[in-house]
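Using the numbering used here, you'd call the opening residue of the sequence shown number 38 and step up by one each time.
Here a beta-carbon is modelled for each residue, glycine too, at the ideal position from N, C-alpha and C.
See structure below.
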Amino acid sequence: MEILGLVLIAFFASILTFYSGFGLGTLLLPAFSLMVPVEMAIFLTAIVHFLNSIFKFILTRNALHWPTLIRFGLVSLVFAILGAYCLKYVAIQNWNYSYKLFGFYATTNVLKLNIGILLIIFTWIEYFDFIKVKSNNPLHLFLGGIASGFFGGLSGHQGALRSAFLRSMPLSKEQFIATGIACALLVDAGRLLVYTKLDPQSFINMNWQLLLPAIIAAWTGAWIGNKYLKKITQNQIQKIVCICLVLFGIALAMGLI
C-alpha cells in the first residue's frame, strides 16, 4: 500500500502541473514529503526533474540558444552546487524545537523550517508572477543565474526565477523553452552530483524498491501531460493548489509534517 500511495501521489502531482500553473518541482516536493523525510523528498524530486529535463531536452535541443546557456546556465550550475552544499549543511544541523499547540506536540528543525518558508515564498512568486525583469543587461542575467542556480540547489525552486530572467532576453519561443530546459538540466545535474557525493552510503541504502516506482510514475505523469494534455492554467485549480502549497509550507515549517 505504501508503494501504491507514493506512486499515485507522484503520478497525479506530475499531471497537475499541466493545470495548476505550478512547476513539477514545486508540486512534487510536498507530494514526496508526505511519504518520505524532507531531505529524501528533495533528492527524489531532483531525480524526477532531471529525467524529465533530459526527455524534454532531447525534443528541443535544436532550438537551444548557446550564448544564453553559457552566460546564464553555467552560472546556474556553479551556484546550484553551492546551494546543494548549503542544503547538506542545513540537513545535518541538530537544532530541534519542540512546542505544544492546541494540545498537540510538534517538533521542527532547521531543514523543515527553511524548506517550508522557501515553499511558501516560491508558491507566491509563481502564483502572482512577482518577478518581472525588463532589461537584458548581462549583469542582470548573471545575477539571475546566481539566484536560480542557488535556490535550485538548495530546495529545487529554480523555474520561476529562471523564466523571469530568460523572458528578458531576445529569444524566440522555441529558444526560450529549449534554453530554459537546458539550464534546468545543468542545475539538476549539479545538485544531484553533490547529493550523491556527500552521502553516497545513504544513496546506496535507500529503499529503491519503494522509490523507483514513484520516480517512474512521476516521470510517466510528466510525459503523458507533455504529450497529451494542453498546458492551460485553470484559475480555480491554481487557487486551490496555491492555498494547499502555502498551508503545506506552514505545516512543514512548524514541524506538523
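In the DSSP assignment, Phe59 falls outside any alpha helix (DSSP H) and carries neither an H nor an E. The three-state reading of DSSP puts Leu138 in strand, counting E and B together. When Asp225, Ala184, Ala290 and Trp161 are compared, the shortest CA-CA separation from Lys276 is found for Trp161. Scanning its chain for C-beta atoms nearer than 6 Å, with the 5 sequence neighbours on each side dropped, one finds around Tyr164 the residues Cys279, in chain order. Going by DSSP, Arg199 is part of the alpha helix (DSSP H) stretching over Gly196 to Leu203. The Cβ-Cβ distance between Leu176 and Phe188 does not fall below 8 Å.
Looking at the backbone, the Cα of Met206 and that of Leu230 are separated by about 29 Å. Taken atom to atom, the span from the alpha-carbon of Leu101 to that of Leu61 is near 21 Å. Around the beta carbon of Gly196, a 10 Å sphere encloses 16 or more other beta carbons of the protein chains shown; the residue is thus reported as buried.
Here Tyr136 has Ala143 as same chain residues with Cβ atoms under 7 Å from its own Cβ, once five neighbours each way along the sequence are excluded. Excluding five sequence positions before and after Leu148, the CB atoms of its chain that fall closer than 7 Å to its own CB belong to Val75, Glu76, Val127 and Ala128, given in chain order.
Contact between the region 244 to 262 and the region 118 to 126 is absent: fewer than three C-beta pairs spanning the two stretches fall below 8 Å.
Cβ atoms of Leu156 and Leu45 stay farther apart than 8 Å, at about 21 Å. For the alpha helix (DSSP H) assignment, the uninterrupted runs of no fewer than 4 residues enclosed by the region 141 to 193 are, from N- to C-terminal side, 147 to 165 and 175 to 191. Taking Gly190 as the centre and dropping the five residues before and after it, the same chain places the C-beta of Phe116, Ala117, Ile118, Leu119, Gly120, Ala121, Tyr122, Cys123, Leu124, Val224, Gly227, Arg228 and Val231 closer than 8 Å to its C-beta, in chain order. Asn131 carries a coil assignment under DSSP once its states are collapsed to helix, strand and coil.
Excluding the 5 residues flanking it on each side, Ile183 has same chain C-beta neighbours closer than 7 Å at Val112 and Phe116, in chain order. Selection Gly181, Asn89 and Lys234 evaluated against Thr105 yields Gly181 as nearest (Cα-Cα). A direct Cα-Cα distance of roughly 19 Å separates Lys93 from Ile107. Excluding the 5 residues flanking it on each side, Glu211 has same chain C-beta neighbours closer than 8 Å at Thr97 and Ala100, in chain order. In the structure shown, His102 falls within a coil segment according to DSSP collapsed to helix, strand and coil. Per the coordinates, the alpha-carbon of Phe179 lies some 25 Å from the alpha-carbon of Asn151. Note on Gly286: 16 or more other CB atoms within 10 angstroms of its CB, so buried under the neighbour-count rule. Counting along the chain, the unbroken alpha helix (DSSP H) around Phe92 starts and ends at Val75 to Thr97. Between Ala251 and Ala47, the gap from beta carbon to beta carbon is short of 8 Å.
When Gly110, Leu208 and Asn272 are compared, the shortest CA-CA separation from Ala219 is found for Gly110.
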